[in-house]
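According to this note's numbering, the residues represented by the sequence shown are 86 to 287, in order. Note that the Cβ used here is the ideal one computed from N, Cα and C, for glycine as well. These numbers were taken from a predicted model, which means no experiment stands behind them.
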Amino acid sequence: MNESNMARTGERRRFFRIDDEVNLFYKKIDEKSMTEVSHISDNILGNCSLSAALEVISQESASLLYRLERTYPDIADYLKLIENKIDLLAQAYMMQSGQFKEKDSRNANLSAAGLAFDSEEELQEGDYLEIKMLLVSCLAIIVTYGKVIYCKKNHSNDSQYPYIVGVDYVNMKDQDREVLIKHVVRRQLQQIRDKKEISSKF
86 MNESNMARTG
96 ERRRFFRIDD
106 EVNLFYKKID
116 EKSMTEVSHI
126 SDNILGNCSL
136 SAALEVISQE
146 SASLLYRLER
156 TYPDIADYLK
166 LIENKIDLLA
176 QAYMMQSGQF
186 KEKDSRNANL
196 SAAGLAFDSE
206 EELQEGDYLE
216 IKMLLVSCLA
226 IIVTYGKVIY
236 CKKNHSNDSQ
246 YPYIVGVDYV
256 NMKDQDREVL
266 IKHVVRRQLQ
276 QIRDKKEISS
286 KF
């Protein structure tokens, strides 16, 4: 893929966005911390390889389950129940790890290039952040850096989150970006289906 095609693909991904609810934790850091490779690999991004690995395994198991359903539907149903149990255990572990709590859920607008989220504090353009997100609907953890590109008043009159912060991702791992892209696509399709179901009732 040449540079112009890559740029066009990047722009399409940038504008492929969804509104979602995420469990989000962030803290301000300096630019020097963001560029330390050892800090990225050993500290910040160490946890999210689990989410990426689970995503790959889910994709592989989905094709196997599809084949099993045609020949052994009872076994396929049993394996689905086991998978649901594992998902619940993963959710419980992440919630009890101390990093993510239900009260930390907030509205966000997600894309593969950046996000905008409701914030309790005013941040400055150019601030660097360490960001950890739990995508509630798919139990994936995304951990990355971001640079604040804007901070504006939240006109929804939300007393808990009086600001909306826009962030561009920095140094996001490729596998985490792929997890995020797939999540955005799935959520968009689900939201379209939900709207169609609501419209059909009227």
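Query raised in the report: Which two residues bound the contiguous beta strand (DSSP E) that contains residue 119?
Result: Sequence index remark: in the sequence shown, residue 119 carries index 34 (1-based). Here residue 119 belongs to no beta strand (DSSP E); instead the alpha helix (DSSP H) covers 116-119.
Query raised in the report: Roughly how many angstroms separate the alpha carbons of residue 168 and residue 279, rounded to a whole number?
Result: As a first step, residue 168 must be located in the sequence shown, where it is residue number 83. As a first step, residue 279 must be located in the sequence shown, where it is residue number 194. When rounded, the separation of the alpha-carbon atoms in residue 168 and residue 279 is 24 Å.
Query raised in the report: Between 115, 204, 101, which lies nearest to residue 108 when the distance is taken from Cα to Cα?
Result: Within the sequence shown, residue 108 is the residue found at index 23, counting from 1. The residue from 115, 204, 101 with its alpha-carbon nearest to that of residue 108 is 204.
Query raised in the report: Quick one, are the C-beta atoms of residue 263 and residue 119 less than 9 Å apart?
Result: Position 178 of the sequence shown, counted from the start, is the residue given in the question as residue 263. Position 34 of the sequence shown, counted from the start, is the residue given in the question as residue 119. Result no, Cβ atoms of residue 263 and residue 119 do not sit closer than 9 Å.
Requested in this report: Just confirm the distance between the C-beta atoms of residue 246 and residue 237, as a whole number of angstroms; I'd bet it's less than 8 Å.
Outcome: Stepping through the sequence shown from its first residue, residue 246 is reached at position 161. Stepping through the sequence shown from its first residue, residue 237 is reached at position 152. About 12 Å separates the two Cβ atoms, so there is no contact after all.
Query raised in the report: Should residue 128 be labelled buried (16 or more other beta-carbon atoms within 10 Å of its own) or exposed?
Result: For the purposes of this step, residue 128 is taken as the residue at position 43 of the sequence shown. With a pLDDT of 39 at residue 128, under the threshold of 50, the modelled position of that residue is not reliable, and the figure given next carries that caveat. Counting other Cβ atoms within 10 Å of its Cβ, residue 128 stays below 16 and is therefore classed as exposed.
Report task. Determine the closest residue to residue 102 out of 113, 284, 193, 213, with distance taken between C-alpha atoms. Result -> The residue given as residue 102 occupies position 17 in the sequence shown. Cα-wise, what sits closest to residue 102 is 193.
Requested in this report: Report yes if the CB atom of residue 198 is closer than 9 Å to the CB atom of residue 259, and no otherwise.
Outcome: On the sequence shown, position 113 is the one that residue 198 refers to. On the sequence shown, position 174 is the one that residue 259 refers to. The Cβ-Cβ distance between residue 198 and residue 259 does not fall below 9 Å.
Query raised in the report: Taking C-alpha atoms, which residue in 170, 208, 163, 220 lies nearest to residue 266?
Result: Against the sequence shown, residue 266 aligns to sequence position 181. The shortest Cα separation from residue 266 among 170, 208, 163, 220 belongs to 220.
Query raised in the report: Leaving out five residues before and five after residue 229 in sequence, what residues of the same chain have Cβ atoms less than 6 Å from its Cβ?
Result: Within the sequence shown, numbered from 1, the residue matching residue 229 stands at position 144. So the list reads 216, 254, 257, once near-sequence residues are dropped.
Report task. Please confirm whether residue 268 and residue 200 have their CB atoms less than 9 Å apart. Result -> Translated into positions along the sequence shown, residue 268 becomes position 183. Translated into positions along the sequence shown, residue 200 becomes position 115. Between residue 268 and residue 200, the gap from beta carbon to beta carbon reaches 9 Å or more.
Query raised in the report: Cβ atoms of residue 233 and residue 250: under 9 Å apart, would you say?
Result: Residue mapping note: residue 250 aligns to position 165 of the sequence shown, counting from 1. Residue mapping note: residue 233 aligns to position 148 of the sequence shown, counting from 1. Contact annotation: residue 250 and residue 233 have beta-carbon atoms nearer than 9 Å.
Report task. Below 6 Å CB to CB, which residues in the same chain sit around residue 161 once its five sequence neighbours on both sides are set aside? Result -> Working through the sequence shown from its first residue, we reach residue 161 at position 76. Closer than 6 Å at the Cβ level, and outside the excluded window around residue 161, lie 150, 153, 154.
Query raised in the report: Per DSSP, residue 229 forms a beta bridge with which residues?
Result: Looking up residue 229 in the sequence shown gives position 144. The partner list for residue 229 (beta bridge, DSSP) reads 216.
**Report entry** Alpha-carbon spacing of residue 218 relative to residue 261, whole angstroms
**Finding:** The sequence position of residue 218 within the sequence shown is 133, counting from 1. The sequence position of residue 261 within the sequence shown is 176, counting from 1. Residue 218 and residue 261: Cα-Cα distance of roughly 11 Å.
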